[in-house]
């Protein structure tokens, strides 16, 4: 996207729900979609006298993500109270981390239009989520809101980037790469519709070549890649147009109206002092020793960029193929399991990307749950290679094999193909 003499300057704050079975400071379930207010207790409801107890798994997941993003892991980190008043925040404050987060100074490399870019990560910190407001309208002139506290105290990691992003395309590439890593680590399901992976963006503009940053606006609660790119593009264009007219960009929080494709003002932008941060008196500092860090390091899987490089080097696949195959850890595993029985990488890649992925997406099914297992796909490809059936026939019968889970060889024999 070309903004003429101007460029966007963006930093992103990503919130990722963690795949723990219980909440960050109590034993309540984190299961999504339960009956409203059924997964609550005195602690996550903020009742007087209830005390938080830290979930060790949350700390482990934070260390894991920090290592994957090349961060330094703090041997001591401190929880803080972030004070603000809203109906879905029962305590009147959120337990987060402020001055001493658990991870600092990492980075993530992305690629946009064939160009690699290095995005610095300022910090990663642990915090609890708020509840959820449910707005109901009874008649045209009357409405009311209810609060579901099931989400209250669900564990989050907030990943804060430096303002290194210049275009909406870069921001989207960064978010997709970060989401892939979270899912590879199996610490977040990345479900944007359910709010498991969402983003706030700080956006400003400046003349190309200028060092100083402009006044930034914050876009809140962006939860789809398409909306993120559209909202950032609109906001950059809005600020440029305002400056060209002699206006002044106001520091504020804005929301994105997806139907109209515009951002609009929500409230004045808060600063850190507005939240009156202070150390959480009910929680001790978190101490992490080298042995714990080393133990977590040993559990890290091969990450998406590493897998992409290996697929291109070892299998001779083009970048387009590996970006798709390595975007999902289970899909990458399915690909390599198929290769064990049919060692022709490009043939396997082509069939997976066209026939298999179409069926999986139609049924919203993970590759690991595919009715056609890697050995069956290899069997089908072997039938093509041997000349028993043509590639056209294989594609025609694949939906039926997928639906029934039948052996390709037996199916072909039974149908007289």
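In this note's numbering, the protein residues as written are 619 to 1035. For each residue, glycine too, the CB sits at the ideal point set by N, CA and C.
Secondary structure of residue 635 (DSSP, three-state): strand.
If you draw a 10 Å sphere on the C-beta of residue 737, you find 16 or more other C-beta atoms in it, and that means buried.
Looking at the backbone, the Cα of residue 928 and that of residue 938 are separated by about 14 angstroms.
In this structure, the CA atom of residue 716 is about 57 angstroms from the CA atom of residue 1025. The distance from the Cβ of residue 872 to that of residue 913 is about 43 angstroms, inconsistent with a contact at the 8 angstroms cut-off.
Within a 10 Å sphere around the beta-carbon of residue 628 sit 16 or more other beta-carbons, which makes this residue buried. Assigned with DSSP and collapsed to three states, residue 952 falls in helix. Within the same chain, 636, 637, 679, 682 and 683 come within 7 angstroms of residue 805 by CB-CB distance, once the 5 residues on both sides are set aside.
Shown here, residue 911 sits in a helix according to DSSP, grouped into three states. Each of 874, 827 and 826 was checked against the Cα of residue 843, and the nearest Cα belongs to 874. For residue 977, the enclosing alpha helix (DSSP H) stretches over residues 975-981. Closest in C-alpha terms to residue 951, from the list 980, 931, 976 and 919, comes 919. Under DSSP, residue 627 forms a beta bridge with 822. The alpha-carbon of residue 858 is positioned some 7 angstroms away from that of residue 624. Setting aside the 5 residues that flank it on each side, residue 956 is surrounded in the same chain by 966, 992, 995 and 996, each with a C-beta closer than 6 angstroms to its C-beta; the list follows chain order. Residue nearest to residue 900 within the set 656, 668, 746 and 972 is 668 (criterion: CA-CA distance). Here the alpha carbons of residue 1035 and residue 1000 stand approximately 14 angstroms from one another.
DSSP places residue 999 in the uninterrupted alpha helix (DSSP H) bounded by 992-1003. Per the coordinates, the alpha-carbon of residue 987 lies some 14 angstroms from the alpha-carbon of residue 953. For residue 1033, there is no enclosing beta strand (DSSP E), as DSSP marks it with neither H nor E. For residue 724, the enclosing beta strand (DSSP E) covers residues 721-730. Contact annotation: residue 922 and residue 799 have beta-carbon atoms nearer than 8 angstroms.
Assignment of beta-bridge partners to residue 752 by DSSP yields 764. Bounds of the beta strand (DSSP E) holding residue 883 are 880-886. Under the three-state reduction of DSSP output, residue 957 falls in the helix class.
Burial is judged here by how many other beta carbons sit within 10 angstroms of a residue's own beta carbon; residue 674 has fewer than 16 and is exposed. Across the structure, residue 898 and residue 699 are spaced so that their CA atoms are roughly 5 angstroms apart. Burial check for residue 697: the Cβ neighbour count within 10 Å reaches 16 or more, so the residue is buried. Residue range 697-701 is occupied by the beta strand (DSSP E) that includes residue 701.
Under a 10 Å Cβ-count criterion, residue 788 is classified as buried, with 16 or more other Cβ atoms of the shown protein chains found around its own Cβ. A straight-line Cα-Cα distance of about 9 angstroms links residue 933 and residue 961. Of the other Cβ atoms in all chains shown, 16 or more fall within 10 Å of the Cβ of residue 943; this residue is therefore buried. Contact check for residue 781 and residue 851: beta-carbon distance about 17 angstroms, past the 8 angstroms limit, so the pair fails to qualify.
Classified as buried, residue 853 has 16 or more neighbouring CB atoms from the shown chains inside 10 Å of its CB.
In this structure, residue 774 lies away from residue 763, with their beta-carbon atoms at least 8 angstroms apart. According to DSSP, residue pairing for residue 817 in a beta bridge involves 632 and 840.
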